[in-house]
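Chains as they are written, first to last, in our numbering: chain W, 2 to 246; chain V, 3 to 308.
We put the beta carbon where it would ideally sit given N, CA and C, even for glycine.
Owing to the predicted nature of the structure, the values given are computational and were not obtained by experimental measurement.
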């Protein structure tokens, strides 16, 4: 199996509090993986470790073939990130955003030039290249943000509530983009509080109190819990600790 | 009638945020404004809460005009904005006390209204509001919006950033408030939350597409609709879009939804088509439309004439 994320007993403690408690899981190439959990379940801490922003207390994790503890900078160069709520700088133009992110992801100036031309053509937004992102329709902005997250050809893109707040048609176009990227071999790691977004994932994991309490396809999970939808699965799993603090 | 909105319009410079919107909400109803970001939901809330003047049209809340009677109106409404707007560096208890004071209300007089939610906050009553989790912030904001016992409650996207367990508790709470006679206008961008409202208005680009009960909305859906899956979903969606010129297929959770407007393709023909294209593990079943399917159809084909 071609694993893009692999963790073994990955743990993070803050003082006496164990935020992430020995989680072990693997995500494969081209998989759309939903990483779910209640507020305070340890999801954000786990993601910070997987993106090289936080050092694990114990256990290990490799992302895109690099150890998150020993090679966090190499990890950062091979991942992309996009959030629906914030991704592009609205007061920069389309072209400036591409250049900024290209630079952040360490692309050479010549490469950024080639990528910019290619991206503008593929999205058919050449006419808007020098306009502020703030003026773009939401659907376009979203496609641009996703393309920018893919600019440096990452092996994995982290998406935070990727389709929240958009209309249902734009939402469908966005899932088309996600599936297309997955088909091309990119791994998509999706975090969301909305369980209907979870239903679109190949597999999902649900964290409760720092542990992964369930990991399977949405279909198998619903069958295992005798639940109608993922919302019900989530509530059944998290109910025991519903104080969410 | 608890809320009456007639031809309300509002523009920000060249942008028409709300275009001649009209709807009515009955007393003791949970009414949902369902639509994406930028649909005009927040603008409507701000107008109804008397925080923004409409360019045209009229609106009454609990019998009071939102422009003429704004002072009296503000005592009768509770407003929970989409962005967390309590004092981050006051404690839970101090925030509640502050909002009670502003309205000249006493916590003990109205405690019955918020007890169910506030008991969950009490262990953290000394904690700064800014240090609460998303779910707890939402509950505190609801308590502060209720502490002067309003007749009408405005909740602008209360579910944002809140996990499913807290969101469920929140909606259970809204139903208890409804039982006590409070009218609730609530907005969300998530179509599946529509099912939790008594009636909803679907709103897009400042215009209302439809107003109905959630069940009425899905029952009015006019096309044959199928849920389909196969072992290769990526190819399945592409293939189904080629089925007939007007066929539409979109991802819908673990299935894809297939719309066949003409109704000319019975299941057997679709199955045959997919088999010919080499699909395996195919499942095909007719399904009832969801609010999201209805919204998509309304966006594509305009307002239904029922």
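Determine, using beta carbons only, whether residue 162 of chain V comes closer than 9 Å to chain W.
Working through the second chain from its first residue, we reach residue 162 of chain V at position 160. Yes - at least one Cβ of chain W is within 9 Å of the one on residue 162 of chain V.
In the structure shown, what three-state DSSP assignment does residue 160 of chain V receive?
Here the question's residue 160 of chain V lines up with position 158 in the second chain. Coil, per DSSP.
Who does residue 13 of chain W pair with in a DSSP beta bridge?
In the first chain, the residue the question calls residue 13 of chain W occupies position 12. Answer is W:21.
Beta carbons nearer than 7 Å to chain W: which residues of the region 275 to 308 of chain V have them?
From the region 275 to 308 of chain V, only 294, 297, 298 and 301 have a Cβ closer than 7 Å to chain W.
What number of angstroms, rounded off, separates the C-alpha of residue 69 of chain W from the C-alpha of residue 31 of chain W?
The residue labelled residue 69 of chain W in the question sits at position 68 within the first chain. The residue labelled residue 31 of chain W in the question sits at position 30 within the first chain. Taking the straight line from one Cα to the other gives about 20 Å.
Less than 9 Å between CB atoms is the rule here; does residue 5 of chain W satisfy it with respect to chain V?
Within the first chain, numbered from 1, the residue matching residue 5 of chain W stands at position 4. Closer than 9 Å: no.
Can the beta-carbon of residue 152 of chain W be found closer than 9 Å to that of residue 120 of chain W?
Walking along the first chain from the start, residue 152 of chain W turns up at place 151. Walking along the first chain from the start, residue 120 of chain W turns up at place 119. Yes, Cβ-Cβ distance for residue 152 of chain W and residue 120 of chain W is below 9 Å.
Report, in whole angstroms, the separation of the C-beta atoms of residue 144 of chain W and residue 178 of chain W, which I expect to be a contact under 8 Å.
As a working mapping, residue 144 of chain W is identified with position 143 in the first chain. As a working mapping, residue 178 of chain W is identified with position 177 in the first chain. Yes, they are in contact, since the Cβ atoms of residue 144 of chain W and residue 178 of chain W sit about 6 Å apart, within 8 Å.
Just the chain V side, please: which residues come within less than 7 Å of residue 200 of chain W by C-beta, in chain order?
What you label residue 200 of chain W is simply residue 199 of the first chain in a count that begins at 1. Simply 255 and 256.
Mind checking residue 223 of chain V: buried by the 16 CB within 10 Å criterion, or exposed?
Walking along the second chain from the start, residue 223 of chain V turns up at place 221. Under this definition residue 223 of chain V is a buried residue.
Note the first and the last residue of the continuous beta strand (DSSP E) segment covering residue 9 of chain V.
The count along the second chain starts at 1 and reaches residue 9 of chain V at position 7. That run of the beta strand (DSSP E) goes 5 to 14.
Should residue 43 of chain W be labelled buried (16 or more other beta-carbon atoms within 10 Å of its own) or exposed?
In the first chain, the residue the question calls residue 43 of chain W occupies position 42. Buried: at least 16 other Cβ atoms inside 10 Å.
Leaving out five residues on either side along the sequence, give the residues of the same chain with a beta carbon under 7 Å from the beta carbon of residue 83 of chain W.
In the first chain, counting from the first residue as 1, residue 83 of chain W sits at position 82. Contacts found: 146, 147, 150, 158, 160 and 163.
Kindly give me the distance between the Cβ atoms of residue 39 of chain V and residue 191 of chain V, rounded to whole angstroms, as I take these residues to be in contact under 8 Å.
In the second chain, counting from the first residue as 1, residue 39 of chain V sits at position 37. In the second chain, counting from the first residue as 1, residue 191 of chain V sits at position 189. Right, their Cβ atoms sit about 6 Å apart.
Please name the residue or residues paired with residue 186 of chain V in a DSSP beta bridge.
For the purposes of this step, residue 186 of chain V is taken as residue 184 along the second chain, with counting starting at 1. Residue 186 of chain V pairs with V:32 and V:155.
Give the single residue among W:131, W:205 and W:183 whose Cα lies nearest to the Cα of residue 91 of chain W.
Locating residue 91 of chain W in the first chain gives position 90, counting from the first residue. Answer by Cα proximity: W:131.
Flag residue 165 of chain V as yes if its beta-carbon sits less than 9 Å from any beta-carbon of chain W, otherwise no.
For the purposes of this step, residue 165 of chain V is taken as residue 163 along the second chain, with counting starting at 1. Yes - at least one Cβ of chain W is within 9 Å of the one on residue 165 of chain V.
In the DSSP output, what is residue 297 of chain V paired with across the bridge?
Numbered from its first residue, the second chain carries residue 297 of chain V at position 295. BP columns for residue 297 of chain V are empty, so no partner.
Closest Cβ-Cβ distance between residue 245 of chain W and chain V: below 9 Å?
Residue 245 of chain W sits at position 244 when you count from the first residue of the first chain. Annotation note: pLDDT 42 at residue 245 of chain W (below 50); position unreliable, no value reported.
Please report the distance separating the alpha-carbon of residue 176 of chain W from that of residue 252 of chain V.
For the purposes of this step, residue 176 of chain W is taken as the residue at position 175 of the first chain. For the purposes of this step, residue 252 of chain V is taken as the residue at position 250 of the second chain. Each residue's Cα considered, the two are about 9 Å apart.
So, residue 133 of chain V versus residue 88 of chain V, is the Cβ gap smaller than 9 Å?
As a first step, residue 133 of chain V is located in the second chain; it is residue number 131 there, counting from the start. As a first step, residue 88 of chain V is located in the second chain; it is residue number 86 there, counting from the start. No; because the gap between Cβ atoms is not below 9 Å, this pair is not in contact.
Taking only three categories from DSSP, how would you classify residue 73 of chain W?
The residue labelled residue 73 of chain W in the question sits at position 72 within the first chain. It is helical.
In angstroms with no decimal places, state the Cα-to-Cα distance between residue 246 of chain W and residue 135 of chain V.
In the first chain, residue 246 of chain W corresponds to position 245, counting from 1. In the second chain, residue 135 of chain V corresponds to position 133, counting from 1. In this predicted model, residue 246 of chain W has a pLDDT of only 42, less than 50, meaning its place in the structure is not dependable; the value taken from the coordinates is given anyway. Cα to Cα, the separation comes out at about 6 Å.
Can you tell me whether residue 219 of chain W is helix, strand or coil according to DSSP?
As a first step, residue 219 of chain W is located in the first chain; it is residue number 218 there, counting from the start. It is helical.
Which chain V residues are close to residue 204 of chain W, counting only those with a beta carbon under 7 Å from its beta carbon?
Residue 204 of chain W sits at position 203 when you count from the first residue of the first chain. What residue 204 of chain W touches in chain V: nothing, since even the nearest Cβ is about 11 Å away.
Would the region 170 to 186 of chain V count as touching the region 144 to 160 of chain V if we require 3 or more Cβ pairs under 8 Å?
Yes, the region 170 to 186 of chain V touches the region 144 to 160 of chain V.
Could you tell me which chain V residues have their CB closer than 8 Å to the CB of residue 163 of chain W, listed as they occur along the chain?
Sequence index remark: in the first chain, residue 163 of chain W carries index 162 (1-based). Per Cβ cutoff of 8 Å: no residues; residue 163 of chain W is ~13 Å from chain V at best.
Going along the chain, which residues of the region 216 to 236 of chain W sit with their C-beta nearer than 7 Å to a C-beta in chain V?
So the list reads 219, 220, 232, 235 and 236, given in the order they occur along the chain.
For residue 235 of chain V and residue 164 of chain V, what's the separation of their Cα atoms in angstroms?
On the second chain, position 233 is the one that residue 235 of chain V refers to. On the second chain, position 162 is the one that residue 164 of chain V refers to. So the two alpha carbons sit approximately 30 Å from each other.
Cβ of residue 34 of chain W within 9 Å of Cβ of residue 6 of chain W?
Position 33 of the first chain, counted from the first residue, corresponds to residue 34 of chain W. Position 5 of the first chain, counted from the first residue, corresponds to residue 6 of chain W. Yes.
Could you tell me how far apart the beta carbons of residue 205 of chain V and residue 19 of chain V are, in whole angstroms, since I believe they sit closer than 8 Å?
One-based indexing of the second chain puts residue 205 of chain V at position 203. One-based indexing of the second chain puts residue 19 of chain V at position 17. About 11 Å; that fails the 8 Å criterion.
With the cut-off set at 9 Å, would you say residue 56 of chain V and residue 68 of chain V are in Cβ contact?
Counting from one through the second chain, the residue named residue 56 of chain V turns up at place 54. Counting from one through the second chain, the residue named residue 68 of chain V turns up at place 66. For residue 56 of chain V and residue 68 of chain V, yes; Cβs fall inside 9 Å.
Taking DSSP's pairing of strands, which residues face residue 141 of chain V in a bridge?
Counting from 1 along the second chain, the entry for residue 141 of chain V is found at position 139. Answer by DSSP bridge pairing: none, since residue 141 of chain V is not bridged.
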